[in-house]
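K.L.:
Let me begin by handing over the structure; questions about it come next.
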Amino acid sequence: MKKTYTITAALPYTNGPIHIGHLAGVYIPADIFSRFMRLTGNDVAYICGSDEHGVPITIKAKKEGLTPKDIVDRYHSNIKKSFEDFGISFDNYSRTSSELHHKTASDFFLHLHDNNFFKEITTEQFYDINANQFLPDRFIVGTCPKCNYEKSYGDQCEKCGTSHNAIDLIDPKSSITGNLPSLKETKHWYLKLDEFQSFLEDWILKKHKSDWKANVFGQCKSWLDDGLKPRAVTRDLDWGVSVPLNDSDGKVLYVWFDAPIGYISSTKEWATNNNLDWEKYWKNTDTELIHFIGKDNIVFHCIIFPAMLKAHGEYILPKNVPANEFLNLEGAKISTSNNWAVWLPDYLKEFPNKQDALRYVLTVNAPENKDNDFTWKDFQARNNNELVAIYGNFINRVVVLTNKYYDGVVPEPTELNKEDLHVLQKVNASVQLINKHVEKFKFRESCNEYINIARHGNKYLADQEPWKIFKTDPKKVNNIIFVSLQVSSILAIIGEPFLPFASNKLKRILNHNDHNVKWKWGNLLAGDLLIKPGIRINQAELLFTKVEDSEIEFQLEKLRKNKN
RNA sequence: GGCGACGUAGCUCAGUUGGUAAGAGCGCCCGACUCAUAAUCGGGAGGUCGACAGUUCAAGUCUGUCCGUCGCUACCA
Numbered sequence: 043m044k045k046t047y048t049i050t051a052a053l054p055y056t057n058g059p060i061h062i063g064h065l066a067g068v069y070i071p072a073d074i075f076s077r078f079m080r081l082t083g084n085d086v087a088y089i090c091g092s093d094e095h096g097v098p099i100t101i102k103a104k105k106e107g108l109t110p111k112d113i114v115d116r117y118h119s120n121i122k123k124s125f126e127d128f129g130i131s132f133d134n135y136s137r138t139s140s141e142l143h144h145k146t147a148s149d150f151f152l153h154l155h156d157n158n159f160f161k162e163i164t165t166e167q168f169y170d171i172n173a174n175q176f177l178p179d180r181f182i183v184g185t186c187p188k189c190n191y192e193k194s195y196g197d198q199c200e201k202c203g204t205s206h207n208a209i210d211l212i213d214p215k216s217s218i219t220g221n222l223p224s225l226k227e228t229k230h231w232y233l234k235l236d237e238f239q240s241f242l243e244d245w246i247l248k249k250h251k252s253d254w255k256a257n258v259f260g261q262c263k264s265w266l267d268d269g270l271k272p273r274a275v276t277r278d279l280d281w282g283v284s285v286p287l288n289d290s291d292g293k294v295l296y297v298w299f300d301a302p303i304g305y306i307s308s309t310k311e312w313a314t315n316n317n318l319d320w321e322k323y324w325k326n327t328d329t330e331l332i333h334f335i336g337k338d339n340i341v342f343h344c345i346i347f348p349a350m351l352k353a354h355g356e357y358i359l360p361k362n363v364p365a366n367e368f369l370n371l372e373g374a375k376i377s378t379s380n381n382w383a384v385w386l387p388d389y390l391k392e393f394p395n396k397q398d399a400l401r402y403v404l405t406v407n408a409p410e411n412k413d414n415d416f417t418w419k420d421f422q423a424r425n426n427n428e429l430v431a432i433y434g435n436f437i438n439r440v441v442v443l444t445n446k447y448y449d450g451v452v453p454e455p456t457e458l459n460k461e462d463l464h465v466l467q468k469v470n471a472s473v474q475l476i477n478k479h480v481e482k483f484k485f486r487e488s489c490n491e492y493i494n495i496a497r498h499g500n501k502y503l504a505d506q507e508p509w510k511i512f513k514t515d516p517k518k519v520n521n522i523i524f525v526s527l528q529v530s531s532i533l534a535i536i537g538e539p540f541l542p543f544a545s546n547k548l549k550r551i552l553n554h555n556d557h558n559v560k561w562k563w564g565n566l567l568a569g570d571l572l573i574k575p576g577i578r579i580n581q582a583e584l585l586f587t588k589v590e591d592s593e594i595e596f597q598l599e600k601l602r603k604n605k606n
């Protein structure tokens, strides 16, 4: 049945390029899901954009002697381009600095304000007179009251790990100017989250007990059991969406309040550009809203944003929030500040035309249930032993045999025998399994099952040995090659969500447009014969190429240098 | 400190509501084949299921304690 899906991928924060952790945790799974849902005939809006507000960007700008706008412009285009080059199929990639977003977020805030969902609370915050700004906890350094470490941050001591309030620090200093900060009163708007306690308990703990992932459900339960409290949704800052009220000079919406609204404004932008109705994707109760995020964002997407949407009153709530865990790199935590990462722009430059290899490795080793480790050696092994040796090699065998025996023309099959039908059945069973797993967000299993199709193909060829009987039983060989080409065409169709570049290449090799059945999901599911005898296919081209030891050594060396 | 998720073969992971002798892929060893990017196909070795205790006729699967990894969070469960 055709459905409408609004699929969001966490808005990347524009203070650095995209790295493999982002890809494995969010963008690749969301892309597979989106592509799969399009492939199977659904109406999909795959939405994302740059998250460009918040304190870290203003600090980075200050350090580089630039404006916040300079910083976000730089990374917005960097991120947008690397997503495009990598083949992430967003329907729209917007940015939160856009006018449309400011208006959308501002209106959203006003709507909640007018309906009395906020509480104004005045507190004392640290203020740096010289820098002329309030200081978030992260930008206050002082001596930890517990372990006496002298460079503890305002929110947490890096040495003993305990968290505290900035006010508790001994001898606090502004990390911007080094001055002693003073306390100053400030008023902020707090979302009355507590009023949504019972609603959220019913919605999450009862209605989504079985279909949300254990890590997501557990995290939510922990928050709900604790009891929700009003939460500040504004900040003292001059960079962001201004609070649209009279007595709100110097106040902006907290970045975590405006960022998820970015999903909505990005959808609006897309709808406007394509002459569509954006409300269908956010206000129609038949539409399934799915948020792909990392585990650090669970509370915002499962508690706060749904409360905001519910408070607004017109919006649908997420059907699921398949949060992933984290990806490590060579045994250590990925870190932007320590430059311990594989950056996507670097990868694209250093491994040209190998987008699918990274997609594949990050899919089959995705941190779906627990933190996982990415190693270059594993990357090489999976590329060489699985993509090249199993999938690429199967296609190559079939295409070479077709060219060798039939001058590239698809042979006419006669009655298929037990073995022929058996392999087609096995492939069909794999297709069903892939479908099932993708719907449950089990992308690693679905991708493994995809490779299994090529395994079935290799085994079929090995068992049938057409090269042995070509002279003695040509009719049988006709069938073997025909069936192998049929399997190849199935791989081309269903591989698109996982390995889109290879899939397109394979379609070209097999001349998919010339066959009399459209290579569409429905025809595949119906078990239709996708290839037509008499059609000439092209010469063999390698679908994947090997990754050499020297390339892996180069990457490892690069990481070693960063470490020092 | 509290809460949550996770801890299964060398590596990465599956293991429904507890029940026939613990599974897969990769890696490793042996064999077969040669159409294929020395690729493929078959077979094999390898695990006291983090530790300890408990419930049960029966536990990787439930309970408790502890240890480890990661995340969330605060003096509050």
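By the working numbering, the letter at position 407 of the first sequence is numbered 449, and the numbering carries on one by one without gaps. Yeah, the Cβ is synthetic: ideal placement off N, Cα and C, and Gly gets one too. This one's a predicted model, so the numbers in the text were calculated from it and none came from an experiment.
(1) Identify every run of the alpha helix (DSSP H) within the region 494-581, keeping only runs that are complete inside it and at least 4 residues long; order them along the chain.
(2) Could you tell me the distance, in whole angstroms, from the CA atom of ARG273 to the CA atom of PRO98?
(3) CB THR276 to CB TRP231, shorter than 8 Å?
(4) Sort LYS271, LYS229, THR314 by Cα distance to VAL285 and report the nearest one.
(5) Only counting the same chain, and skipping five residues up and downstream in sequence, which positions put a Cβ closer than 6 Å to that of PHE299?
(6) Whole angstroms is fine: what's the gap from GLN422's alpha carbon to GLN597's?
(7) Would you mind sorting GLN467 into buried or exposed? The rule is 16 or more other CB atoms within 10 Å of its CB.
(8) Please report how far the alpha carbon of PRO542 lies from the alpha carbon of ILE437, in whole angstroms.
(9) Which residue from GLN261, GLU237, LYS234 puts its Cα closest to that of LEU247?
(10) Using the Cβ count rule (16 or more neighbours within 10 Å means buried), how would you classify ALA504?
(11) Quick one: is GLU428 buried, meaning 16 or more other Cβ sit within 10 Å of its Cβ, or exposed?
(12) On the CB-based measure, 16 or more other CB atoms within 10 Å of its CB, does GLU311 come out buried or exposed?
(13) Along the chain, where does the alpha helix (DSSP H) containing TRP231 start, and where does it finish?
(14) How is the beta strand (DSSP E) around TYR169 delimited, first residue to last?
(15) How big is the Cα-Cα spacing for ILE493 and ASP112?
(16) When the Cα of TYR88 is compared with those of LYS161, PHE334, LYS560, LYS375, which residue comes out closest?
(17) Are ILE340 and PRO360 close, meaning C-beta to C-beta below 8 Å?
(18) Identify the residues that DSSP records as bridge partners of ASP93: which are they?
(19) In whole angstroms, what separates the C-alpha of ALA568 from that of ILE476?
(20) Based on the DSSP output, what are the partners of ARG273 in its beta bridges?
(21) Who does GLN414 pair with in a DSSP beta bridge?
(22) Could you tell me the alpha carbon to alpha carbon distance between ALA173 and GLY220, rounded to whole angstroms?
(23) Kindly indicate which residue of PHE393, ASN490, LYS574, VAL442 has the alpha-carbon position closest to the one of PRO592.
(24) Please go through the region 302-385 and give each complete beta strand (DSSP E) segment of 3 or more residues, from N-terminal end onward.
(25) Taking buried to mean at least 16 other C-beta atoms within 10 Å of its own C-beta, is THR607 buried or exposed?
(26) Give the straight-line distance between the Cα atoms of ALA365 and PHE485, rounded to the nearest whole angstrom.
(27) If you drop the 5 nearest sequence neighbours on each side, which residues of the same chain put their C-beta closer than 7 Å to that of TRP324?
(28) What is the C-beta distance between LEU53 and ALA301, in whole angstroms, given that I count them as a contact (C-beta under 8 Å)?
(29) For GLY63 and PHE75, I'd like the C-alpha separation in whole angstroms.
(30) Rounded to a whole number of angstroms, what is the C-alpha to C-alpha distance between LEU2 and GLU481?
(31) With distance defined between alpha-carbon atoms, name the residue in THR82, GLY576, ALA374, GLN397 nearest to LYS45.
(32) In this structure, how does DSSP classify LEU266 when only helix, strand and coil are distinguished?
(33) Can you tell me whether ILE536 is buried or exposed, with buried defined as 16 or more other CB within 10 angstroms of its CB?
(34) Quick one, are the C-beta atoms of ASP85 and THR56 less than 8 Å apart?
(35) Would you report the Cα separation of LEU584 and LEU400, rounded to the nearest angstrom?
(36) Nearest by alpha-carbon distance to TRP254: which of HIS343, ILE523, GLN581 is it?
P.N.:
So, to answer that:
(1) 508-511, 516-536, 542-551, 563-567
(2) Rounded to the nearest angstrom, the two C-alpha atoms are 20 Å apart.
(3) In contact: THR276 and TRP231 (Cβ atoms closer than 8 Å).
(4) LYS229
(5) VAL275
(6) In a straight line, the C-alpha of GLN422 is about 11 Å away from that of GLN597.
(7) exposed
(8) C-alpha separation (whole angstroms): 16 Å.
(9) GLN261
(10) exposed
(11) buried
(12) buried
(13) Counting along the chain, TRP231 falls outside any alpha helix (DSSP H), though it belongs to the beta strand (DSSP E) covering 224-233.
(14) 160-170
(15) 44 Å
(16) PHE334
(17) no
(18) TYR55
(19) Whole-angstrom Cα-Cα distance: 16 Å.
(20) LEU233
(21) Looking at the sequence itself, residue 414 is Asn, so the reference to Gln does not match. DSSP output for ASN414 lists LEU369 as bridge partner(s).
(22) 10 Å
(23) In the sequence as presented, Pro is not what sits at residue 592; that position holds Ser. When each option's Cα is compared against that of SER592, the closest is PHE393.
(24) 330-334, 369-371
(25) Outside the displayed range of the chain (43 to 606) lies residue 607, so it cannot be described from this structure.
(26) 13 Å
(27) Same-chain partners within the cutoff: THR48, ILE306, THR309, TYR357, ILE358.
(28) Right, their Cβ atoms sit about 5 Å apart.
(29) 18 Å
(30) Nothing can be reported for residue 2: it is not among the residues displayed for the chain, which extend from 43 to 606.
(31) THR82
(32) helix
(33) buried
(34) no
(35) 17 Å
(36) That would be HIS343, whose Cα lies nearest to the Cα of TRP254.
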